[in-house]
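Reminder that position 326 of the sequence shown reads as 326 in this note's numbering, one-by-one numbering, no gaps.
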Amino acid sequence: MDQQRRLIDKLQETSQLAKEEWVALIQNRNQDAAQYLFEKARRLQHQYFGNKIYTRGLIEFTNYCKNDCYYCGIRRSNKKAQRYRLSREQIMECCQDGYGLGFRTFVLQGGEDGWFTQEALEELVDTIKTTYPDCAVTLSLGERSRESYEGLFRAGADRYLLRHETADEAHYESLHPKELSAERRKQCLWDLKEIGYQTGTGFMVGSPGQTPQHLAEDLLFIRELQPHMVGIGPFIPHHDTPFAAEKEGTVELTLFLTGLLRLMLPKALLPATTALGTIDPSGREKAILAGANVVMPNLSPTSVRKKYELYDNKICTGDEAAECRNCLNQRMEKIGYQLITDRGDYGCNCSKG
Ligand code: 5AD
Ligand code: FES
Numbered sequence: 001m002d003q004q005r006r007l008i009d010k011l012q013e014t015s016q017l018a019k020e021e022w023v024a025l026i027q028n029r030n031q032d033a034a035q036y037l038f039e040k041a042r043r044l045q046h047q048y049f050g051n052k053i054y055t056r057g058l059i060e061f062t063n064y065c066k067n068d069c070y071y072c073g074i075r076r077s078n079k080k081a082q083r084y085r086l087s088r089e090q091i092m093e094c095c096q097d098g099y100g101l102g103f104r105t106f107v108l109q110g111g112e113d114g115w116f117t118q119e120a121l122e123e124l125v126d127t128i129k130t131t132y133p134d135c136a137v138t139l140s141l142g143e144r145s146r147e148s149y150e151g152l153f154r155a156g157a158d159r160y161l162l163r164h165e166t167a168d169e170a171h172y173e174s175l176h177p178k179e180l181s182a183e184r185r186k187q188c189l190w191d192l193k194e195i196g197y198q199t200g201t202g203f204m205v206g207s208p209g210q211t212p213q214h215l216a217e218d219l220l221f222i223r224e225l226q227p228h229m230v231g232i233g234p235f236i237p238h239h240d241t242p243f244a245a246e247k248e249g250t251v252e253l254t255l256f257l258t259g260l261l262r263l264m265l266p267k268a269l270l271p272a273t274t275a276l277g278t279i280d281p282s283g284r285e286k287a288i289l290a291g292a293n294v295v296m297p298n299l300s301p302t303s304v305r306k307k308y309e310l311y312d313n314k315i316c317t318g319d320e321a322a323e324c325r326n327c328l329n330q331r332m333e334k335i336g337y338q339l340i341t342d343r344g345d346y347g348c349n350c351s352k353g
């Protein structure tokens, strides 16, 4: 048996590999290995989730951000970004629409925007949880103090998404201004987990300067953190950022890593990301067939969707996208899967249809 298959078998049996093994697996990957990997990944996905795909309604409620990450279209230095904030009423309307469409998880995602105070955020979480007691609230608000995370958790937030972006410190420094560090980012993730959030991390695939060694470090960090969710998507350049001329990540590598994550964390929630759907019209379907089991359609008002432009050509921002859920429903059914109306918590495979 060839080395690739052997490493994939070992990963499945032991849920881990040594750094050099990760590097070898990633560096020497080929189509045969990918097919072998995806079959195993799909078997695990079916074992734990059947043909059910969880959905989360994404509400991008502010694109103001105090950070200046070199890759991101809403970085503070991008003076061309048209900034917006949704009001509490607008956010509640998104939830109402979303609830009617069958969403039982709302993801509040935004830039690091001090305009929303701790108190305002706690109140918002509380209002959503009181109005929709059968729903989960996921926050994706970037780096905050441990006390802030604790307060939001007490207010009722269930989950938190914060991608580590890259586990390698030097690589992290090449993607971010000096006030941000990989160490601080990782500490936030440990805090979130300890507080009791279902915690999601993740990284961009093909970010400038990324090597197989960096990816191996990402996988080792994820193995150590044991997150409940891992979101990965290709890096896509944004024309008004310092990385405008950089190459985008590939579908092929993103899918391969999705398969590896499914083998390493069989029960994890792995989204088929919008970024992947952006560089390939059937990217999200391919991700599901490589082991992903979550989709996160946009619930933001269509009037602001174009403004939350982290990267160029982001899909689901036009008028046609008013009902991403239906669109995704059809897409999933075509490949034999089904979107479900369920909170979709980690570790719960009692999926109701
Ligand atoms: N391409 C792909 N993904 C990006 N993100 C930010 N900018 C880009 C980009 N140019 C991702 C980051 C961030 C998440 C919200 O979006 O990984 O954590
Ligand atoms: Fe948004 Fe298809 S998923 S339009």
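Glycine included, every Cβ here is placed at the ideal spot set by N, Cα and C.
Less than 6 Å separating the Cβ of L328 from some heavy atom of the ligand FES? Counting from one through the sequence shown, the residue named residue 328 turns up at place 328. The answer is yes for L328.
Would you check if the distance between the CB atom of L355 and the CB atom of C135 is smaller than 7 Å? Residue 355 is absent from the structure shown; the chain starts at 1 and stops at 353.
Residue span of the alpha helix (DSSP H) that contains Y36, given as start and end: Within the sequence shown, the letter at position 36 stands for residue 36. From DSSP, the alpha helix (DSSP H) with Y36 extends over Q31 to F49.
Give me the pocket residues for the ligand 5AD, defined as CB within less than 6 Å of any heavy atom, sorted by chain position. Residues with a Cβ closer than 6 Å to any heavy atom of the ligand 5AD, in chain order: Y71, C72, R163, E165, M204, G233, F235, I236, H238, A275, L310 and Y311.
So is the beta-carbon of C316 under 6 Å away from any non-hydrogen atom of the ligand FES? Walking along the sequence shown from the start, residue 316 turns up at place 316. C316 has its CB nearer than 6 Å to a heavy atom of the ligand FES.
Excluding the 5 residues preceding and the 5 following S390 in the sequence, name in chain order all residues of the same chain whose CB lies nearer than 8 Å to its CB. Here the chain comprises residues numbered 1 to 353, so residue 390 is not present and cannot be evaluated.
I want to know whether the region 262-278 touches the region 104-124 - three or more CB-CB distances under 8 Å. Touching, no.
Got a sec, what are the start and stop residues for the alpha helix (DSSP H) M229 sits in? Position 229 of the sequence shown, counted from the start, is the residue given in the question as residue 229. No alpha helix (DSSP H) contains M229, which is instead part of the beta strand (DSSP E) from M229 to P234.
Does the beta-carbon distance from T211 to Y160 come in below 7 Å? Here the question's residue 211 lines up with position 211 in the sequence shown. Here the question's residue 160 lines up with position 160 in the sequence shown. It is not a contact, given that the beta carbons lie outside the stated cut-off.
Am I right that G291 and R5 are in contact with their C-beta atoms under 8 Å? What's the rounded C-beta distance? Residue mapping note: residue 291 aligns to position 291 of the sequence shown, counting from 1. Residue mapping note: residue 5 aligns to position 5 of the sequence shown, counting from 1. Distance from G291 to R5 at the Cβ level is roughly 17 Å; contact not present, criterion being Cβ atoms closer than 8 Å.
Just tell me which of W22, L124 and P227 has its CA closest to the CA of F256. Position 256 of the sequence shown, counted from the first residue, corresponds to residue 256. That would be W22, whose Cα lies nearest to the Cα of F256.
Range covered by the beta strand (DSSP E) that runs through T105: Residue mapping note: residue 105 aligns to position 105 of the sequence shown, counting from 1. Unbroken beta strand (DSSP E) run through T105: T105 to G110.
Would the C-beta of P281 count as close to the ligand FES, meaning under 6 Å from any of its heavy atoms? In the sequence shown, the residue the question calls residue 281 occupies position 281. Remark: the shortest separation between the CB of P281 and any heavy atom of the ligand FES does not fall under 6 Å.
Does N63 come out as helix, strand or coil in the three-state DSSP assignment? In the sequence shown, the residue the question calls residue 63 occupies position 63. Coil, per DSSP.
Over what stretch of residues does the beta strand (DSSP E) that includes L101 continue unbroken? Taking the sequence shown and counting its residues from 1, one reaches residue 101 at position 101. Careful: L101 lies outside any beta strand (DSSP E), inside the alpha helix (DSSP H) at R88 to L101.
Following the continuous alpha helix (DSSP H) through Q213, name the residue where it begins and the one where it ends. Reading the sequence shown from its first residue, position 213 is the one you call residue 213. Looking at the DSSP string, the run of the alpha helix (DSSP H) that includes Q213 is P212 to L225.
Check whether the Cβ atoms of G98 and L310 sit closer than 7 Å, and answer yes or no. Here residue 98 refers to the residue found at position 98 when the sequence shown is read from its first residue. Here residue 310 refers to the residue found at position 310 when the sequence shown is read from its first residue. At a Cβ-Cβ threshold of 7 Å, G98 and L310 do not count as neighbours.
Check whether the Cβ atoms of H214 and R185 lie closer than 7 Å to each other. The residue given as residue 214 occupies position 214 in the sequence shown. The residue given as residue 185 occupies position 185 in the sequence shown. Taking 7 Å as the Cβ cut-off, H214 and R185 do not qualify as a contacting pair.
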